[in-house]
Amino acid sequence: MSVITPELLTRFDVAGPRYTSYPTADRFVEAFAEGDYIQALDQRHEATRLKAQPLSLYVHIPFCESLCYYCACNKIITKHKDRAATYLRYLTREVELQVARLGPGHSISQLHLGGGTPTFLSDDELRELMAMLRRHFHFVPGGEYSVEVDPRTVDENRLAVLAELGFNRLSFGVQDFDPAAQKAIHRVQPAEKVFAMVHAARALGFESVNVDLIYGLPLQTPESFARTLAQVNELRPDRIALYAYAHLPERFKPQRRIHAAELPLAGAKVSMLAQSLDAFSEAGYVYIGMDHFALPQDALAVAKRQGRLHRNFQGYSTQPDCDLIALGVSAIGRMGSTYSQNAKTIEEYCDALDQGHLPIVRGLTLSRDDMIRRAVIMALMCQGQLQFESINLAWLIDFKTYFAAELQVLRALQEQWLVRLSEVGIEVTATGWFFVVPWAWCLTVTFSRGAAAHSSPRSSDPVRSGHAKFTGIDGPPHGPGRRAALRGHVRRCLCRSGAGSGRAPDAGPDGISAGQGARLQPARRLGRRQCAGAGVADDPVRGHSTPLDTSSPGRHGAGGFVAAASQATRLARPVGAQAVGLGSALS
Ligand code: SF4
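Heads up, the sequence shown is in this note's numbering, so the first residue is 1 and it goes up one at a time.
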């Protein structure tokens with residue numbers, strides 16, 4: 001049993017985007033354009049070896065009929081159903097442009113329809129979309145074919161159409177069953193309707209049903225959320241995604257309709273998080289990582305047990321890493337060593353296609369250093385451990401030399417029981433699974449001399465690559481001065497986090513005591529002042545740049561347990577040393 005306290009949550013509140021995978025979308029640059037992507041498509045086309053590997057597809061449907069006030073997604077609110085037909089024509093054009101380069105008949109082993117609301121499309125439009133995709137791609141039997149479903153927009157017949165079209169996974173946006181909370185977020189969907197749809201999905205043979213929940217919404221209380229959790233456990237979905245709401249009305253207009261006074265305070269949010277972890281643990285769910293839980297027999301849980309878990313911009317997956325073709329407004333794709341993102345407005349998206357261009361507006365070409373870092377971070381995020389030797393052999397480096405500076409920082413996090421270092425590798429602790437940002441960020445930033453020497457100027461330069469925006473780091477843009485500034489910033493964040501100040505005598509082997517948080521308080525206060533001086537504001541809303549990676553497809557929520565719970569701690573009055581127990585099933 002490990003222990004997380006509100007103090008611990010606050011301590012590791014390091015500013016940064018929601019950490020979904022490496023590289024984070026904030027590193028994309030506008031210098032990456034259509035030509036760079038086409039080059040990557042051509043390379044795949046020319047490599048026979050790659051042609052045999054299946055692709056993954058993401059299709060973004062941006063339309064929604066009504067606005068949820070907590071929303072931070074890329075969407076278009078409209079009642080005009082005819083907009084979908086026009087959009088489908090543009091999607092078709094985009095696929096044709098891609099396939100013209102890629103060549104016909106590529107296999108697909110993974111499809112995700114996200115939004116927005118994919119079920120904004122009528123049954124006939126969904127049929128048309130899938131028929132179009134099947135004309136260009138071969139869908140492999142046994143692949144993962146999933147769609148996000150707004151329960152308000154479907155009935156049993158519509159789910160039957162989704163099954164008939166080959167979808168085998170559904171994700172229902174539930175958020176909360178409480179009627180008052182639903183009204184406050186302008187998303188009223190009776191529990192009976194959700195229960196009926198989940199039961200219908202099971203009867204129709206969908207292999208996996210996911211339910212999205214959000215805590216920290218207006219009018220939620222620990223008591224009301226406990227009722228929601230009891231209902232979720234009764235529903236028993238195969239997977240649960242639990243997101244934290246981050247209130248950023250200056251950044252996301254819909255959130256201005258939420259009354260800040262109705263938001264739960266820090267203590268309440270921490271209680272809701274604690275209740276959720278306990279409830280899922282008692283119901284037998286396995287903690288997959290980040291915000292995700294699954295029943296032990298679900299494919300994700302099985303993949304985790306067998307060390308076959310993967311992670312990409314769509315979240316955890318059982319499918320091996322593969323090239324991802326992204327279609328639609330704001331969609332993010334991966335091709336070879338590149339990542340790319342489409343235009344975020346429908347006007348820009350359609351304009352580009354009208355002119356015969358792919359609507360790519362930014363992206364990134366990974367350097368060798370990026371690829372090594374991605375391999376390391378993904379191994380830790382999916383398997384929770386890595387052996388230095390496996391990276392040495394795969395990348396022909398000496399891990400300890402290459403990551404000498406990073407290992408130094410990780411050693412400080414070891415004192416906080418987030419990771420364990422040994423002579424042969426790194427392991428994420430039970431506590432570390434819930435505090436991904438500190439250790440992932442340490443491995444993300446290229447601040448070691450050895451790594452800088454191996455990486456391209458484009459990716460290793462934090463200014464060009466977008467890291468300056470992410471970190472708010474002062475200092476010269478290049479050279480040793482820059483690296484010193486980065487090292488200083490990491491030190492300040494660790495100081496703020498309390499790392500490096502020694503393990504509390506009462507800390508357990510896998511946990512951190514409540515008392516330790518209190519003892520580290522002065523260092524944290526000092527660190528916070530220093531970080532604010534370095535450009536990270538201490539304002540409770542603006543200073544917390546963690547909560548949303550809006551580029552992550554289809555995600556309504558905020559930056560994971562830690563970011564949101566810690567933000568909550570900062571937003572509200574001081575809370576007591578309330579312990580949050582993580583059951584062993586979640587470890
Ligand atoms: S939360 Fe989802 S359904 Fe609601 S407005 Fe945003 S994208 Fe649409």
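Positions of the beta carbon are idealized from the N, C-alpha and C atoms, including for glycine.
- For E144, the enclosing beta strand (DSSP E) covers residues F137 to V149.
- Pairing L88 with L129 gives a Cβ-Cβ distance under 8 Å.
- Note that the C-beta distance between T221 and P264 is below 8 Å.
- In this structure L396 is exposed. Its beta-carbon is surrounded by fewer than 16 other beta-carbon atoms within 10 angstroms.
- Under DSSP, N312 takes part in a beta bridge, and its partners are G315.
- Leaving aside the five residues that flank I77 on each side, the residues in its chain whose CB is nearer than 6 Å to its CB run, in chain order, C64 and L67.
- For D82, the uninterrupted alpha helix (DSSP H) segment begins and ends at D82 to L102.
- One thing to note: A181 has its Cβ no nearer than 8 Å to the Cβ of N233.
- Taking C-beta atoms as the reference points, S171 and V140 fail to come closer than 8 Å.
- Scanning its chain for C-beta atoms nearer than 7 Å, with the 5 sequence neighbours on each side dropped, one finds around A299 the residues S208 and T318, in chain order.
- Taking 3 residues as the shortest admissible run, the stretch 301-373 contains the following complete beta strand (DSSP E) segments, listed from N- to C-terminal end: 310-312, 315-317, 324-327, 332-335, 338-342 and 360-365.
- Just measuring C-alpha positions, the residue of D354, V419 and G363 sitting nearest T86 is D354.
- Taking 7 Å as the cut-off, one finds at least one heavy atom of ligand 1 near enough to the beta carbon of K75.
- Its chain contains V209 as the residues whose beta carbon lies nearer than 8 Å to that of R202, once the 5 sequence neighbours on both sides are disregarded; these appear in chain order.
- Boundaries around Q39 are those of the alpha helix (DSSP H), E34 to E46, since no beta strand (DSSP E) includes it.
- About 6 Å separates the Cβ atoms of C442 and E406, confirming a contact at the 8 Å cut-off.
- If you ignore the 5 residues before and after P118, its C-beta comes within less than 6 Å of the C-beta of I61, V147 and E148, all in its own chain and listed in chain order.
- For the pair of segments examined, the stretch 210-219 was found not to touch the stretch 100-115: the number of CB pairs separated by less than 8 Å stays below three.
- A direct Cα-Cα distance of roughly 16 Å separates V428 from T444.
- Here I377 carries a helix assignment [DSSP, helix/strand/coil].
- In this structure, ligand 1 has no non-hydrogen atom nearer than 7 Å to the beta-carbon of C442.
- Distance from the Cα of W433 is smallest, within the candidate group Y287, V302 and G315, for Y287.
- In the DSSP secondary-structure assignment, Y287 is bridged to F293.
- Contact between G363 and D36 holds: their C-beta atoms lie close to 7 Å from each other, under 8 Å.
- According to the DSSP secondary-structure assignment, N210 is paired through a beta bridge with S171 and R239.
- For the pair A40 and G356, the CB atoms are not nearer than the 8 Å cut-off.
- Within its own chain, the residues whose Cβ lies closer than 7 Å to the Cβ of A303, once the five positions on either side in sequence are excluded, are L309 and T318, listed in chain order.
- Remark: fewer than three beta-carbon pairs, one from each stretch, lie closer than 8 Å, so the stretch 388-404 and the stretch 342-351 are not flagged as touching.
- Within a 10 Å sphere around the beta-carbon of N342 sit 16 or more other beta-carbons, which makes this residue buried.
- With a cutoff of 8 Å on beta-carbon distance, F206 and R169 are scored as near each other.
- DSSP, read as helix, strand or coil, puts A412 in helix.
- In this structure the stretch 253-271 does not touch the stretch 407-426; the number of beta carbon pairs closer than 8 Å is below three.
- A Cβ-Cβ separation of about 5 Å places D291 in contact with L242 under the 8 Å criterion.
- Residue pairing from DSSP places H112 in a beta bridge opposite Y58 and S146.
- When secondary structure is reduced to three states using DSSP, G384 falls in the coil class, being assigned neither helix nor strand.
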